[in-house]
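Following: one structure in C-alpha cells, then a few remarks.
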Amino acid sequence: MEIINPKKAGKNDNKKTVNKSKIVESIVQPKTKLLFGRYISFCIDDFSIQMAVSQHFGPKIILKDVTKIYLSKSLDTEEKKNSFINTSINDYIEQYSHLFTKFSLTISGQTTALRTFLMPALNKKALSAAIKYERKNQIPFPDENCVHDYKINSKIISKGKSKYKISLFATTYSDITNRIKRFSSGIKKINLWKIYHAQDSIGLMLRHLKEFKPDKKYTLLNQSRGYTEVSFYKGSQLQFYHINELTSAVQGGTYDTIKLNYYSETIEDQLRITFDYYNGQTNENPSREILVYGDLSYSDSLLEILGNNSSFKFTKFPISELKFLSNKKDEFNESLSASLPAMASVVCNTKSINLLPEKMVAKRKEFIQTVYSKLALGTMIVILSVAWFTMGRSTNIAKHQLEDINYSINKFKNSEAYHTYNNLKKQILNSRSYLKKTEKEPSYLSYNLKELSNLTPNQIKLIHFNFNPSKSNQNILIQGVVTSLTIPPEIILAEYTETLASSPLFDNVHIIKHVKKNKEEKFFIEFVINMQGVA
C-alpha cells in the first residue's frame, strides 16, 4: 500500500507499472487548507452542549476555548431545555464571536449513517452523479429525505482497472432541520458555514497527534450519559462506527462497586459485538487499544475497572500529544477529551464531510457574496472618500498658494520697484523702436554689381546702371553698347542676355530696347535691359 496526494487521485498519468494480477491500493490523503479567521462549533445532544472556538492563521491553529455544559434533569420540558440551550449559546457567541466568525454544527447519533463501497474512477462530476444514484441502495433513509456527502479514501488498481473506495456519509433532512431549528431558534442571527460529522472530524484531528501514522489503526470510544460510540480508523480515515444505547440500569446516579462492575461488563459486551461485526464486514483486525473520550474519560477509577475486567486496553485520548496544544498544556487539561467532537471541528483544516443541505449551502454562498459585495462597496467608499479628501485638501492648498501668489503680485505692483521696472521697460522699448527706425535695411547691390561685372564680356560696355530694391519684379536697369569687328553685335547681345538669365542672381531678363548704328563703317548696338536682381 502506498500513500498519495489527493491532487494526483483520479488521474490516468500514473507511470508505475502495475501487474494486472496484483491489487494495489493507494491511500488518498486529505488535502490541507489554509484557513484564516475565527471558527466556533457547537455539538448538541440530549445530555449536553459542547462549544469550542479557535483562531486560524494559515497553517497555525490557536485553540481559544472549549466548554461543555450538561443539561440538568430539572429541564424536564423541551421548552425549558431549548431556552437553556439558547441562552448558553448566545452567551458564548457574545463572548467569543467576531464580525466574520464562521459557525458550524457537529452531529452524530442514530440518525447518521456511513457506508463504504467501491466505485469506478470517474471524474468529479460523473462520480458525484453516480454516488447520488448509488446512495439509494446503500443508505436506509428515503431518498427524498436524505442529505449526503462523500470522500475518496483510496484508489485501487486491480486487473488493469482503477476504482475508488468511497466513504458515504448521510443523515436525514428532517433531522438536520430539527437540529438547526433547535440551534437557531431564539439565537442571534448567524449563518451556518458547515455541518461536521463528529467521527469524521475526530479522525482528521488524529493527524495532529505527534506520533500519527497514516497506516496505523486507531479505535476510539466515546462514552456519554446515554450511549457509547465505537469508531474504527485507518490513519485519519473513518472505516466504521457503531452506536450502542445504555440501559437505564447503568445511567446516572451514584456508581457503587456493583454498578461499576455491571457497567464495565456492559461496555465489554458492546465492544466485543462491535469488534466481531466490524471484523466480519471488513476482514480486518482493528486496534484493541481503546482511546477513550467523552464523559468516561473523567473517571480514572472506571477506566481502571474496565481495564482489569476486559481483554481490551483502555487509555485516555492523548490530548497532550496534539501539536496545536503543545504550548498550552497548562491552559488545557485532559478534560478536553470530554468535548472532543466540537474541538475537532474547530481545529479541522482539511477537506472534510459537510452535511449542510444544498439549499443552505446556496444560502451560505449568497450570504458570503453579499458580505464580499458589502466589503467591496465599503472599500470603494473608503477609497473614494480618501481620494476626495486628498483632492479637496490638495485643491485647498493650491487655492491658498494661488491667493498668496496673487497677494504677493498685487503687493509688488504697488511697490516703487515695480513702477521703476515699468519705466525702465518703456524706455527700453522706445530705444529699441528708435534703433530699428535708424537701422539701414540690408542691400545686395554689391552682389549684383560683382555678378554683372563677371558676366559682361569685353565687347560690351555698360554706360548706365540703376538698382531699385523696392521693385518686386524688375529692379535693375542697365544701358550699354555692343561693339565688335568680327562677330555680329546682335549675336553678342543675344549671348549676353542668355548668360544673364542663367545666373542664379538674375531672373526675368528682358531687352526692352536695342538700336543698331554704323559709324565710320563700324556697326554697334545700343541696348537697354530690365531684369530682377537679388534684393
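Numbering (this note's numbering), first residue to last: 603 to 1137. A virtual CB, placed ideally from N, CA and C, is assigned to each residue, including glycine.
For Y694, no beta strand (DSSP E) segment is defined; the enclosing uninterrupted segment is the alpha helix (DSSP H) at E680 to Y698. Counting of Cβ neighbours within 10 angstroms places N1075 among the exposed residues, the total staying below 16. Restricted to the region 986-1048, the alpha helix (DSSP H) segments that are unbroken, complete and at least 4 residues in length are 1018-1040, listed in chain order. With 16 or more neighbouring CB atoms inside 10 Å of its own CB, W795 falls in the buried class.
Following the DSSP letters along the chain, one finds G1135 in no alpha helix (DSSP H) but inside the beta strand (DSSP E) bounded by residues K1124 to G1135. Ranked by Cα distance from K727, the options Y752, D745, P742 and V1084 are led by Y752. Burial is judged here by how many other beta carbons sit within 10 angstroms of a residue's own beta carbon; A654 has at least 16 and is buried. In the three-state scheme derived from DSSP, where H, G and I count as helix and E and B as strand, G828 is classed as coil. One alpha carbon belongs to I754, the other to N887, and they sit about 22 Å apart.
No Cβ-Cβ contact shorter than 8 Å links T773 with I687. I671 places its beta carbon less than 8 Å from that of I651. The DSSP assignment places 626-630, 637-646 and 650-660 as complete runs of the beta strand (DSSP E) inside the region 621-667, in order along the chain (cut-off: 3 residues).
Under DSSP, L770 forms a beta bridge with R717 and Y752.
In terms of Cβ geometry, Y895 and L822 form a close pair [threshold 8 Å]. In this chain, the beta strand (DSSP E) harbouring Q1081 covers I1078 to T1085. Cβ contact annotation for I1113 (same chain, cutoff 8 Å, sequence separation greater than five): L1095, T1099, F1129, V1130 and I1131, in chain order.
The count of Cβ pairs closer than 8 Å, one atom from the region 999-1009 and one from the region 813-821, stays below three, leaving the stretches out of contact. Annotated three-state conformation of I792 is coil, per DSSP. Our two residues, E1053 and I1093, have alpha carbons roughly 21 Å apart in a direct line.
With 16 or more other Cβ atoms inside 10 Å of its own Cβ, M945 counts as buried.
Boundaries around Y879 are those of the alpha helix (DSSP H), T859 to T884, since no beta strand (DSSP E) includes it. Of the residues K1115, K1073, C950 and I845, the one whose Cα lies closest to the Cα of I663 is C950.
L1087 is the residue among S912, L979, A800 and L1087 whose C-alpha sits nearest the C-alpha of E1122. Secondary-structure assignment with DSSP links E847 through a beta bridge to Y829. Straight through space, the alpha carbons of I1011 and S1017 are spaced by roughly 10 Å. Leaving aside the five residues that flank N911 on each side, the residues in its chain whose CB is nearer than 8 Å to its CB run, in chain order, N863, S866, E867 and E870.
Distance between Q1029 and T1022, taken at the CA atoms: about 11 Å.
When the beta-carbon positions are compared, I625 and L707 stay at least 8 Å from each other. Using a 10 angstroms sphere on the CB of A1019, the tally of other CB atoms stays under 16, which defines it as exposed. Judged by DSSP secondary structure, K1118 falls within the beta strand (DSSP E) whose first and last residues are F1108 to K1121.
Under the three-state reduction of DSSP output, E813 falls in the coil class, being neither helix nor strand.
The straight-line gap separating the alpha-carbon atoms of T830 and G660 is approximately 35 Å. Per the DSSP secondary-structure output, E891 pairs in a beta bridge with K915.
Contact between V1084 and I1065 is ruled out by a C-beta separation of about 11 Å, above the 8 Å threshold.
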